[in-house]
């Protein structure tokens with residue numbers, strides 16, 4: 001079966017690569033076969049097309065550029081020799097979700113997909129990007145979340161719980177932030193953290209769920225008593241697409257992370273029960 005892309009798709013992929021090279025100051029070399037980055041095994045156009053998915057075929061330049069840029073940065077970092085690979089959860093349907101270009105499973109509840117990510121430095125901060133299948137193949141890395149990866153995620157979740165306990169009664173109480181290369185959506189994939197959110201020290205044993213708002217990958221709130229449900233959607237829309245989290249609040253139980261219902265009445269009911 002041919003892996004050649006139709007001319008419009010190839011054109012949008014080329015523009016996305018060139019835009020990323022200019023904006024992020026990447027040294028790239030393009031030819032008919034694919035893209036070359038310094039010190040890296042070449043990426044084929046089919047690899048970029050797989051990550052861009054329907055965004056490229058639909059002509060969505062912004063989303064294609066986001067996904068292609070993520071692949072280029074992750075590919076380059078994996079060839080650095082110092083790359084950190086950690087668990088990564090990406091909201092289902094997110095702009096930056098690379099689809100079949102990333103090996104992933106689904107967290108119970110359906111709101112999050114869980115796979116592996118590459119921690120990429122960004123100035124004084126860092127961003128964790130989905131581990132591209134093609135880049136893993138080129139560097140001999142596994143694309144599958146192993147038991148050791150899940151154990152690491154649980155260790156980080158337990159660390160977050162300790163920090164939340166420490167911060168009880170402070171202005172930062174009720175706020176989730178990234179830890180150890182894991183952004184906030186990824187932290188919700190930790191059962192240790194979910195158990196704390198559902199039945200922490202200020203909770204009664206009968207509670208079985210908690211409403212959590214994560215419109216931004218770098219922040220989440222689980223004390224929603226004074227937050228208008230509409231605020232979550234507005235905050236999500238105002239966030240850079242590369243940093244967006246979950247469009248709506250999620251309902252967290254010990255086992256699941258599910259999007260809250262869309263009906264305003266049901267949302268208010270869920271938020272009230274999840275306090």
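In our numbering, the protein residues as written are 1 to 275.
The C-beta atom is built at its ideal place from N, Cα and C for all residues, glycine as well.
Values in this document were obtained by computation on a predicted structure and should not be read as measured data.
(message) Classify residue 171: buried if its beta carbon has 16 or more other beta carbons within 10 angstroms, exposed otherwise.
(response) Position 171 of the chain shown, counting from 1, holds the residue named residue 171. It counts as exposed.
(request) With a 10 Å radius around its C-beta and 16 neighbouring C-beta atoms as the bar for buried, classify residue 23 as buried or exposed. (result) One-based indexing of the chain shown puts residue 23 at position 23. Of the residues assessed, residue 23 falls on the exposed side of the cut-off, its CB having fewer than 16 other CB atoms within 10 angstroms.
(request) Mind listing, in chain order, the continuous beta strand (DSSP E) runs of no fewer than 3 residues lying wholly within the region 224-257? (result) 250-252
(request) Tell me residue 36's beta-bridge partners as DSSP assigns them. (result) Position 36 of the chain shown holds residue 36. Residue 36 pairs with 29.
(message) For residue 109, which residues in the same chain have their Cβ closer than 6 Å to its Cβ, ignoring the five residues on either side in sequence?
(response) The count along the chain shown starts at 1 and reaches residue 109 at position 109. Taken in chain order, the residues that qualify are 256, 257, 258.
(request) Pick out whichever of 118, 99, 26 has its Cα sitting closest to the Cα of residue 48. (result) Sequence index remark: in the chain shown, residue 48 carries index 48 (1-based). Among 118, 99, 26, the Cα nearest to that of residue 48 belongs to 99.
(request) Starting from residue 113, follow the beta strand (DSSP E) in both directions and report where the run begins and ends. (result) The residue you call residue 113 lines up with position 113 of the chain shown. Segment 112-122, the beta strand (DSSP E) holding residue 113.
(message) Let me check understanding here. Comparing Cα to Cα, which of 162, 241, 155, 82 lies closest to residue 139?
(response) Your numbering for residue 139 matches position 139 in the chain shown. For the residues 162, 241, 155, 82, the minimum Cα distance to residue 139 belongs to 82.
(request) Could you check the C-alpha separation between residue 243 and residue 158 for me, to the nearest Å? (result) If you number the chain shown from 1, residue 243 lands on position 243. If you number the chain shown from 1, residue 158 lands on position 158. Straight-line Cα distance between these residues: approximately 24 Å.
(request) Starting from residue 85, trace the beta strand (DSSP E) both ways and give me its first and last residue. (result) By 1-based counting over the chain shown, the position of residue 85 is 85. From DSSP, the beta strand (DSSP E) with residue 85 extends over 84-91.
(message) Tell me the rounded alpha-carbon separation between residue 239 and residue 214.
(response) Position 239 of the chain shown holds residue 239. Position 214 of the chain shown holds residue 214. Taking the straight line from one Cα to the other gives about 11 Å.
(request) Give a yes or no on whether the C-beta atoms belonging to residue 184 and residue 218 are separated by under 8 Å. (result) The residue labelled residue 184 in the question sits at position 184 within the chain shown. The residue labelled residue 218 in the question sits at position 218 within the chain shown. The criterion of a C-beta distance shorter than 8 Å is satisfied by residue 184 and residue 218.
(request) Give the DSSP bridge partners of residue 104, in chain order. (result) Within the chain shown, numbered from 1, the residue matching residue 104 stands at position 104. According to DSSP, residue 104 bridges with 115.
(request) Can you tell me which of the three DSSP states residue 147 falls into? (result) For the purposes of this step, residue 147 is taken as residue 147 along the chain shown, with counting starting at 1. Three-state result, residue 147: helix.
(request) To the nearest angstrom, report how far apart residue 210 and residue 220 are at their CA atoms. (result) Working through the chain shown from its first residue, we reach residue 210 at position 210. Working through the chain shown from its first residue, we reach residue 220 at position 220. Rounded to whole angstroms, residue 210 to residue 220 spans 13 Å at the Cα level.
(request) Quick one: using the 10 Å Cβ neighbour count with 16 as the cut-off for buried, is residue 56 buried or exposed? (result) Locating residue 56 in the chain shown gives position 56, counting from the first residue. Within a 10 Å sphere around the beta-carbon of residue 56 sit 16 or more other beta-carbons, which makes this residue buried.
(message) Restricting to Cα atoms, I'd like to know which of 224, 228, 216 is closest to residue 247.
(response) On the chain shown, position 247 is the one that residue 247 refers to. Nearest option by C-alpha distance: 216.
(request) Spatial neighbours of residue 178 within its chain, please: CB distance less than 7 Å, with the 5 preceding and 5 following residues excluded, ordered by chain position. (result) Within the chain shown, residue 178 is the residue found at index 178, counting from 1. For residue 178, where only same-chain residues beyond five positions count, the Cβ hits under 7 Å are 184, 218.
(request) Hey, could you find the ends of the beta strand (DSSP E) residue 126 is sitting in? (result) In the chain shown, counting from the first residue as 1, residue 126 sits at position 126. Run containing residue 126: 125-130, per the beta strand (DSSP E) assignment.
(request) Just grab the DSSP bridge partners of residue 44 for me. (result) Numbered from its first residue, the chain shown carries residue 44 at position 44. 34, per the DSSP bridge assignment.
(request) Answer yes if the region 57-64 comes into contact with the region 24-32, meaning at least three C-beta pairs across the two stretches below 8 Å, and no otherwise. (result) no
(message) Is the beta carbon of residue 37 closer than 8 Å to that of residue 72?
(response) Along the chain shown, one-based indexing puts residue 72 at 72. Along the chain shown, one-based indexing puts residue 37 at 37. In contact: residue 72 and residue 37 (Cβ atoms closer than 8 Å).
(request) Give the straight-line distance between the Cα atoms of residue 245 and residue 131, rounded to the nearest whole angstrom. (result) Locating residue 245 in the chain shown gives position 245, counting from the first residue. Locating residue 131 in the chain shown gives position 131, counting from the first residue. Distance between the alpha carbons of residue 245 and residue 131 is about 18 Å.
(request) Consult DSSP for residue 274 and reduce its assignment to one of helix, strand or coil. (result) Mapped onto the chain shown, residue 274 falls at position 274. At residue 274, the pLDDT of 49 sits below 50, so the modelled position is not reliable; the number obtained from the coordinates is stated separately. Three-state result, residue 274: coil.
(message) What does the alpha-carbon distance come out to for the pair residue 127 and residue 181?
(response) By one-based count along the chain shown, residue 127 stands at place 127. By one-based count along the chain shown, residue 181 stands at place 181. It is roughly 8 Å from the alpha-carbon of residue 127 to the alpha-carbon of residue 181.
(request) Could you check the C-alpha separation between residue 104 and residue 87 for me, to the nearest Å? (result) Taking the chain shown and counting its residues from 1, one reaches residue 104 at position 104. Taking the chain shown and counting its residues from 1, one reaches residue 87 at position 87. About 10 Å.
(request) In the DSSP assignment, find the unbroken alpha helix (DSSP H) run with residue 220 in it and report its ends. (result) On the chain shown, position 220 is the one that residue 220 refers to. Note, residue 220: premise wrong, no alpha helix (DSSP H); beta strand (DSSP E) at 219-221.
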